[in-house]
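K.L.:
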Amino acid sequence: GQQVQQSPTSLVLQEGENAELQCNFSTSLNSMQWFYQRPGGSLVSVFYNPSGTKQSGRLTSTTVIKERRSSLHISSSQITDSGTYLCAMEPHMGYKLTFGTGTSLLVDP
Amino acid sequence: EAAVTQSPRNKVAVTGGKVTLSCNQTNNHNNMYWYRQDTGHGLRLIHYSYGAGSTEKGDIPDGYKASRPSQENFSLILELATPSQTSVYFCASGGPGQLYFGEGSKLTVL
Chain P
1 GQQVQQSPTS LVLQEGENAE LQCNFSTSLN SMQWFYQRPG GSLVSVFYNP
51 SGTKQSGRLT STTVIKERRS SLHISSSQIT DSGTYLCAME PHMGYKLTFG
101 TGTSLLVDP
Chain S
110 EAAVTQSPRN KVAVTGGKVT LSCNQTNNHN NMYWYRQDTG HGLRLIHYSY
160 GAGSTEKGDI PDGYKASRPS QENFSLILEL ATPSQTSVYF CASGGPGQLY
210 FGEGSKLTVL
């Protein structure tokens, strides 16, 4: 079965609203990452977050390894935040990321 | 700045034909990866490499081969392309916390 479950699948916000994206893992993991993919484009790492909470500007990531979950909080969303957000887990053995199917975010003006 | 370059960016191939997707990185990373991205599946790992001369099977290697002739270059080879291999392919280099992706190669197999 799917090892990485992301929710919601898609999300539409009005500019200025906040968003909470979730990622749940079915197996134990060593760490996890969040990536941003612009429409039709490449992926860029947003957070490498083995555990705990990290913040970068309007983005905050919280990972709880024991509970096998991670979240990405986007505050005061902007139109330029639109795109797909993917989480990926790093298993205990070796560095082979397993990706979720992503959350498609659209921020309307 | 870390750079991963893929070619071709777009490719149309016929069923049964051979396709080679190339990837070049200037990051001097040991690890390189090939993923495919399909709606509903996210990114799935096809092959990866720990350095020149090494290739390892990922989660979905069937129908694909890989070649790592040098630190900088990593190719994905489809010897007999099939329509089910129509997808967007991404190359990446790096490791934990520093994974860099190319712009993607869109492959259509007719």
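For the record, the sequence lines run as chains P and S.
In terms of this note's numbering, the first sequence has 36 at position 36, counting the first letter as 1, and numbering is strictly consecutive.
In terms of this note's numbering, the second sequence has 139 at position 30, counting the first letter as 1, and numbering is strictly consecutive.
Backbone N, C-alpha and C fix where the C-beta goes; we use that ideal spot for every residue, glycine too.
Beta carbons nearer than 9 Å to chain P: which residues of the segment 146 to 163 of chain S have them?
P.N.:
Of all residues in the segment 146 to 163 of chain S, Q146, T148, G149, H150, G151, L152, R153, L154, Y157 have a Cβ within less than 9 Å of some Cβ in chain P.
K.L.:
Which class does E67 (chain P) belong to by DSSP, given the choice of helix, strand or coil?
P.N.:
Counting from one through the first sequence, the residue named residue 67 (chain P) turns up at place 67. Here E67 (chain P) sits in helix by DSSP.
K.L.:
Can you name the start and end residues of the beta strand (DSSP E) that V197 (chain S) belongs to?
P.N.:
Position 88 of the second sequence, counting from 1, holds the residue named residue 197 (chain S). Here the beta strand (DSSP E) through V197 (chain S) covers 196 to 204.
K.L.:
Does the CB of P170 (chain S) have a neighbour CB from chain P at under 8 Å?
P.N.:
Residue mapping note: residue 170 (chain S) aligns to position 61 of the second sequence, counting from 1. Not one chain P Cβ lies under 8 Å of P170 (chain S).
K.L.:
By the criterion of Cβ-Cβ separation under 7 Å, what are the contact partners of F99 (chain P) in chain S?
P.N.:
What you label residue 99 (chain P) is simply residue 99 of the first sequence in a count that begins at 1. The answer, in chain order, is G151, L152.
K.L.:
Leaving aside the five residues before and after T217 (chain S) along the sequence, list all residues of the same chain whose C-beta is less than 6 Å from its C-beta, in chain order.
P.N.:
As a working note, residue 217 (chain S) is residue 108 in the second sequence. Excluding residues within five positions, the ones whose Cβ falls inside 6 Å are V121, T195.
K.L.:
Quick one: grab the DSSP three-state call for I169 (chain S).
P.N.:
Mapped onto the second sequence, residue 169 (chain S) falls at position 60. Coil at I169 (chain S), not helix or strand.
K.L.:
At a cut of 8 Å, does the segment 178 to 197 of chain S reach the segment 56 to 66 of chain P through at least three beta carbon pairs?
P.N.:
Taking 8 Å as the limit for Cβ pairs, the verdict is that the segment 56 to 66 of chain P does not touch the segment 178 to 197 of chain S.
K.L.:
At what residues does the beta strand (DSSP E) containing E97 (chain P) begin and finish?
P.N.:
Your numbering for residue 97 (chain P) matches position 97 in the first sequence. A quick correction: the sequence has Leu, not Glu, at residue 97 (chain P). Per DSSP, L97 (chain P) belongs to no beta strand (DSSP E) and is neither H nor E.
K.L.:
So the beta strand (DSSP E) R38 (chain P) belongs to, where does it begin and stop?
P.N.:
As a first step, residue 38 (chain P) must be located in the first sequence, where it is residue number 38. Careful: R38 (chain P) lies outside any beta strand (DSSP E) and carries neither H nor E.
K.L.:
What are the boundary residues of the beta strand (DSSP E) that N49 (chain P) is part of?
P.N.:
Here residue 49 (chain P) is taken as the residue at index 49 of the first sequence, counted from 1. Unbroken run through N49 (chain P): none, as it is neither H nor E.
K.L.:
Does any residue of chain P bring its CB to less than 8 Å from the CB of P117 (chain S)?
P.N.:
Residue 117 (chain S) sits at position 8 when you count from the first residue of the second sequence. It does not; no Cβ of chain P falls within 8 Å.
K.L.:
Compare the C-alpha of T53 (chain P) against each of P:G40, P:V44, P:H73, P:P39 and name the closest.
P.N.:
In the first sequence, counting from the first residue as 1, residue 53 (chain P) sits at position 53. If we check each option's Cα against that of T53 (chain P), P:H73 comes out closest.
K.L.:
Closer than 8 Å, Cβ to any Cβ of chain S: which residues of the segment 40 to 66 of chain P, in chain order?
P.N.:
Cβ contacts with chain S: G41, S42, L43, V44, S45, Y48.
K.L.:
Can you pull the DSSP bridge partners for Y144 (chain S)?
P.N.:
As a position in the second sequence, residue 144 (chain S) is number 35, starting the count at 1. Per DSSP, S:L154, S:F199.
K.L.:
Can you tell me whether T62 (chain P) is helix, strand or coil according to DSSP?
P.N.:
Here residue 62 (chain P) corresponds to residue number 62 of the first sequence, with the count starting at 1. Three-state DSSP puts T62 (chain P) in a strand.
K.L.:
Could you tell me whether the Cβ of L21 (chain P) comes closer than 8 Å to any Cβ of chain S?
P.N.:
Within the first sequence, numbered from 1, the residue matching residue 21 (chain P) stands at position 21. No - not a single Cβ of chain S is within 8 Å of the one on L21 (chain P).
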